[in-house]
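In the order they appear, the protein sequences are chains Y and V. Counting from 4, one number per residue, gives the positions in the first sequence under our numbering. Counting from 590, one number per residue, gives the positions in the second sequence under our numbering. Step one of this worksheet: look at the structure below.
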Amino acid sequence: MALYTIEYQSQSQYSEEVLEGIFEFNVRPCSDDSQIIIEEASKNSFMEAIFQFKNLFGFQINRIRKADKFKEFAYTYRAKVQKKKMRLPSKSALSIAEERAELESPEFYIDHHLFLRKSPLTTLKGDNASKVLERKENTSVFEYLMKLNHYVHMMLSYTKNVTQASTTADEALSLKKGVCQDYAHIFIAMARSQGIPCRYVSGYLNQGKKFQGAAFMHAWVEAYLPGYGWLGIDPTNELLADDNYIKVSHGADYLDCSPIKGILKSSCENKNTYQVKVTAQ
Amino acid sequence: MAELYLGETKNSVFDTYKQDPKLFDEVIQADGKVKKHYQKIVKHFGKLAVEEYQKLDEFAKISFFNQGVTFAVYSDTLKGVERIFPFDLMPRIITALEWEHIELGVIQRNKAINMFLYDIYHEKRIMRDGVVPAQLVFSSNFYNREMIGVNPPGGIYTHICGTDLIRHKDGEYYVLEDNVRTPSGVSYVLSNRETMKKVFSNLFLSHNVQPIDDYPQQLLEMISSVAPDGIDDPTCVVMSPGMYNSAYYEHSFLAQSMGIQLVEGRDLFVDKNFVYMKTIRGPQRVDVIYRRVDDDFIDPLVYRPDSMLGVPGIMGAYKAGNVTIINAPGTGAADDKAVYIYVPEIIRYYLGEEPILKNVKTYRCELQEDFDFVMSNMHNLVVKPVDESGGYGILIGSKASKAEIDKFKKVVSGNRRKYIAQPIMSLSVHSTFIESEANFEQRHIDLRTFSLMGRHKQFVLKGGLSRVALKRGSLVVNSSQGGGSKDTWVIEE
């Protein structure tokens, strides 16, 4: 059992007055089999009431609306999360034939289509499409996922400030550089192309360990392992997501999980910064 | 009364009317006899000398101008230039008996499509049963995942349908498109009638023409009927993308004739999952939004973040059941021209009935066999993108040069899911006054019907928009591509 204190802070400054604005935050750790929120609090500099709702994938979004002018905005979210020790698999739960039967059934596609379809962020084109790691007949899904984890990990060198939120898997692969979300998008593109449902995950990393990307919100993936379920995989660090990973939400790609979204009535310059603090107790 | 034959109207606008025996003429039989339901009208028109007719034509144009009936074409170099919709004074007449067949067919289709939409966003039975390929539905650009599990009030998605029909040379009606997103054109139907009544008031005395002027009232009743549960006296609005939209005239016309507010996205806001309209007396809650803004643009928090036309948060309010959006988001999945192919199967699956109206044979370029056929027969086919409307992006093989066909083949090969092909249907022709010839000639026409689906109520407007391709031999009737229109009469004989 691990206990984490998580703090997410964001600040925005605008060069001119914004007339009206609406912000959505997707930064709250979710509750699932392995983690639970013990206490939480959020604050915003507008002192507006926070409206909470669940998105398409069932994750809670915090929305703040400001109906009159402002030049800056700050938001803080704090939570204490209890994380269970997870028992991670070391091989596939089913035989290769059973896995195939499940993955290839029409029902399976219908039930998992959201995580099998290509999105603009997770589509590899031309030369990059030929770099997909193919799954061989005699390779189990688990083995394949581990190989893919290594393969994607080696494809990029972790480099900040060369990619942005809108960078596609295809662009990152051509650059051979990127950050956690680029690793995740490339992993997703390849896994899906092999018929394995795969989803984008955003969350926090235990900052006490020497993980790549722990200073900010992190991104990894969950791939569907027949007979087991969704398995968290982190190609940035070439690890499986264990109790050092605190999940916030998942979706088809980054766009479903962006920590902050804002729609503003303005056309001015803005400066956004954010910090993440994760401490294990 | 003696029956009239072509050629018996001397010194009139019908003098040089030529009949192509290969075409189905709505007005005149192959033997030259004027069809029974057109007898009175041809007799009346046959008495008109060209100059007299031209005067009436002028008069009609002025009437449209005064009504302000205009539209904009996107390909114009000047953005937002308004044009008068070309109008032909000779009405298209459909007998009540024939209309009944159309009406039953349209309602049957809409019912089945509505059930299909519920299904693809819930249990997905039709795909599990292998009737419609799941891959096809999920790959549609219009499949709207935000609608998964959402229950629109009354279970209605396709509140307003604009089913497009054509009549082939075999005399049968075929459905060309279902138009279940935001079909336009109904304002022209109403203003065409308005103009006809001014120009030919006496013809309405001699014909028992079914009225259409209650459409705005029917529309308002329908949209009020699907208000969120517990709202007795809903506030309804028409939401337009704004004055640069090609159908802005219609948006304002509908709002005005229903007596409700015309708004744009910036006039609305969402607070705590309810939608409000900004008014001089403060915010007013909105319950029903008849939006003429595409799915992609209605909510920048959910769809295109750069959209200036939408309302941030509106999808959340909709999903919580606090506002009704008309038509429901995601209806386009049934409008995809590759999904259209399966509508007859969709009707059999949900209703257990045989389709009343026929589908046009359609080839799905995504399928190898169909693709091969299309590649070697493109000169005999119409090729269309699955997700466009208004006649944009289509190729009519018989009218295209070899170079154009070769270019199109490349385009289709590059994105096979996006294209379907159909045989070139010989649309029926109708006598139409051609200004440059100062006489009537045959021109191809189609028919857009307008139907409404509310709680416990189906309504089909008795008439519709008969669109006419004004260029000789042209099969493209869309207003955006140089088409005109006719008043459409359903008559009790």
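C-beta: ideal position from N, C-alpha, C; glycine also.
Supposed contact pair residue j and residue i - C-beta distance, whole angstroms, cut 8 angstroms
{"i": "lysine 87/Y", "j": "tyrosine 17/Y", "result": "In fact, because the Cβ distance is near 42 angstroms, the residues do not count as touching under 8 angstroms."}
{"i": "glycine 738/V", "j": "tyrosine 707/V", "result": "Actually they are not in contact, since the Cβ atoms of glycine 738/V and tyrosine 707/V sit about 11 angstroms apart, beyond 8 angstroms."}
{"i": "aspartate 876/V", "j": "proline 823/V", "result": "4 angstroms"}
{"i": "glycine 1085/V", "j": "arginine 1061/V", "result": "In the structure as shown, chain V begins at 590 and stops at 1082. Residue 1085/V is therefore absent and cannot be evaluated."}
{"i": "methionine 904/V", "j": "aspartate 888/V", "result": "4 angstroms"}
{"i": "valine 769/V", "j": "threonine 747/V", "result": "4 angstroms"}
{"i": "methionine 220/Y", "j": "serine 205/Y", "result": "6 angstroms"}
{"i": "aspartate 818/V", "j": "glycine 902/V", "result": "The Cβ separation is near 20 angstroms, so there is no contact."}
{"i": "glycine 129/Y", "j": "leucine 159/Y", "result": "Going by Cβ atoms, the distance from glycine 129/Y to leucine 159/Y rounds to 18 angstroms, so no, they are not a contact pair."}
{"i": "phenylalanine 676/V", "j": "valine 788/V", "result": "Phenylalanine 676/V to valine 788/V, Cβ: 10 angstroms. No contact."}
{"i": "alanine 255/Y", "j": "leucine 117/Y", "result": "6 angstroms"}
{"i": "tyrosine 257/Y", "j": "leucine 124/Y", "result": "6 angstroms"}
Length of the line joining the Cα atoms of residue i and residue j
{"i": "asparagine 834/V", "j": "arginine 881/V", "result": "9 angstroms"}
{"i": "tyrosine 952/V", "j": "glutamate 1030/V", "result": "33 angstroms"}
{"i": "alanine 301/Y", "j": "histidine 188/Y", "result": "The displayed coordinates of chain Y run from 4 to 284. Any statement about residue 301/Y would go beyond what the structure contains."}
{"i": "leucine 637/V", "j": "glycine 982/V", "result": "41 angstroms"}
{"i": "glycine 941/V", "j": "glycine 694/V", "result": "14 angstroms"}
{"i": "isoleucine 878/V", "j": "valine 827/V", "result": "6 angstroms"}
{"i": "alanine 5/Y", "j": "aspartate 895/V", "result": "41 angstroms"}
{"i": "glutamate 43/Y", "j": "arginine 66/Y", "result": "16 angstroms"}
{"i": "valine 798/V", "j": "alanine 906/V", "result": "43 angstroms"}
{"i": "glutamate 674/V", "j": "alanine 923/V", "result": "One detail in the question is off: residue 674/V reads as phenylalanine in this sequence, not glutamate. C-alpha separation (whole angstroms): 29 angstroms."}
{"i": "tyrosine 277/Y", "j": "glutamine 14/Y", "result": "6 angstroms"}
{"i": "cysteine 183/Y", "j": "tyrosine 161/Y", "result": "8 angstroms"}
{"i": "phenylalanine 863/V", "j": "threonine 913/V", "result": "11 angstroms"}
{"i": "proline 742/V", "j": "alanine 844/V", "result": "22 angstroms"}
{"i": "serine 1040/V", "j": "phenylalanine 1048/V", "result": "5 angstroms"}
{"i": "glycine 899/V", "j": "isoleucine 1080/V", "result": "42 angstroms"}
{"i": "glycine 774/V", "j": "threonine 752/V", "result": "11 angstroms"}
{"i": "glutamate 735/V", "j": "tyrosine 939/V", "result": "24 angstroms"}
{"i": "proline 92/Y", "j": "valine 144/Y", "result": "12 angstroms"}
{"i": "proline 9/Y", "j": "asparagine 275/Y", "result": "For the record, residue 9/Y in the displayed sequence is isoleucine; it is not proline. So the alpha carbons of these two residues sit roughly 20 angstroms apart."}
{"i": "asparagine 791/V", "j": "lysine 644/V", "result": "17 angstroms"}
{"i": "histidine 633/V", "j": "tyrosine 838/V", "result": "33 angstroms"}
{"i": "tyrosine 207/Y", "j": "valine 281/Y", "result": "7 angstroms"}
{"i": "valine 658/V", "j": "glycine 980/V", "result": "21 angstroms"}
{"i": "glutamate 958/V", "j": "glycine 621/V", "result": "43 angstroms"}
Close-in-space but distant-in-sequence residues of the same chain around residue i (CB under 6 angstroms, 5 per side omitted)
{"i": "asparagine 131/Y", "result": "Asp173 and Leu176"}
{"i": "valine 928/V", "result": "none"}
Proximal residues to residue i (C-beta, below 7 angstroms), its chain only, five neighbours per side dropped
{"i": "asparagine 730/V", "result": "Asp976"}
{"i": "isoleucine 994/V", "result": "Met967, His968 and Gly986"}
{"i": "cysteine 954/V", "result": "Phe960, Val963, Val1001, Arg1005, Tyr1008, Ile1009 and Ala1010"}
{"i": "asparagine 152/Y", "result": "Ile236, Pro238 and Glu241"}
{"i": "isoleucine 801/V", "result": "Val778, Leu779, Arg782, Leu1050, Lys1051 and Gly1052"}
{"i": "asparagine 703/V", "result": "Ile745, Tyr746, Thr747 and Met1042"}
{"i": "glutamine 3/Y", "result": "Beyond the ends of chain Y as shown, which are 4 and 284, falls residue 3/Y; an answer cannot be given."}
{"i": "lysine 629/V", "result": "Ser795 and His796"}
{"i": "glutamine 850/V", "result": "Val826, Ala844 and Met866"}
Same chain only: Cβ atoms within 8 angstroms of residue i, ignoring 5 sequence neighbours per side
{"i": "asparagine 1028/V", "result": "Val602, Phe603, Asp604, Thr605, Tyr606, Val639 and Phe1022"}
{"i": "leucine 148/Y", "result": "Ala194, Ile199, Ala226, Leu228, Leu234 and Ile236"}
{"i": "phenylalanine 654/V", "result": "Ile673"}
{"i": "lysine 908/V", "result": "Glu735 and Val739"}
{"i": "aspartate 936/V", "result": "Reading the sequence as shown, one finds isoleucine at residue 936/V and not aspartate. Gln697, Arg698, Ala701, Glu942, Glu943 and Pro944, listed in sequence order."}
{"i": "isoleucine 191/Y", "result": "Thr125, Ala172, Cys201, Arg202, Tyr203, Val224 and Asp256"}
Identified DSSP bridge partners for residue i
{"i": "histidine 221/Y", "result": "Gly206/Y"}
{"i": "aspartate 976/V", "result": "According to DSSP, which records beta bridges pairwise, aspartate 976/V is partnered with nothing at all."}
{"i": "histidine 968/V", "result": "BP columns for histidine 968/V are empty, so no partner."}
{"i": "cysteine 954/V", "result": "Paired residues: none, contrary to the question."}
{"i": "tyrosine 763/V", "result": "Ile755/V and Lys947/V"}
{"i": "glutamine 873/V", "result": "Met866/V"}
{"i": "tryptophan 233/Y", "result": "Tyr227/Y"}
{"i": "tyrosine 248/Y", "result": "Leu208/Y"}
Is the stretch 937-947 of chain V close to the stretch 686-694 of chain V, with three or more CB pairs under 8 angstroms? yes
Are the stretch 592-603 of chain V and the stretch 32-43 of chain Y touching by the rule of at least three beta carbon pairs closer than 8 angstroms? no
With a cut-off of 8 angstroms, do at least 3 Cβ pairs link the stretch 712-726 of chain V to the stretch 106-122 of chain Y? The stretch 712-726 of chain V vs the stretch 106-122 of chain Y: in contact.
Hey, is the stretch 70-85 of chain Y in contact with the stretch 40-59 of chain Y, meaning 3+ C-beta pairs nearer than 8 angstroms? yes
Check whether the stretch 9-23 of chain Y and the stretch 60-75 of chain Y touch, using three or more Cβ-Cβ pairs below 8 angstroms as the test. yes
For the pair the stretch 26-36 of chain Y and the stretch 251-261 of chain Y, tell me if three or more CB-CB distances fall below 8 angstroms. yes
Given 8 angstroms as the limit, is there contact between the stretch 195-202 of chain Y and the stretch 220-228 of chain Y, that is, 3 or more CB pairs closer than that? Judged by pairs of C-beta atoms under 8 angstroms, the stretch 195-202 of chain Y touches the stretch 220-228 of chain Y, as three or more such pairs exist.
Is the stretch 801-811 of chain V touching the stretch 677-687 of chain V in the sense that three or more CB pairs, one from each, lie closer than 8 angstroms? no
Count Cβ pairs between the stretch 1033-1040 of chain V and the stretch 747-767 of chain V that sit closer than 8 angstroms; are there 3 or more? yes
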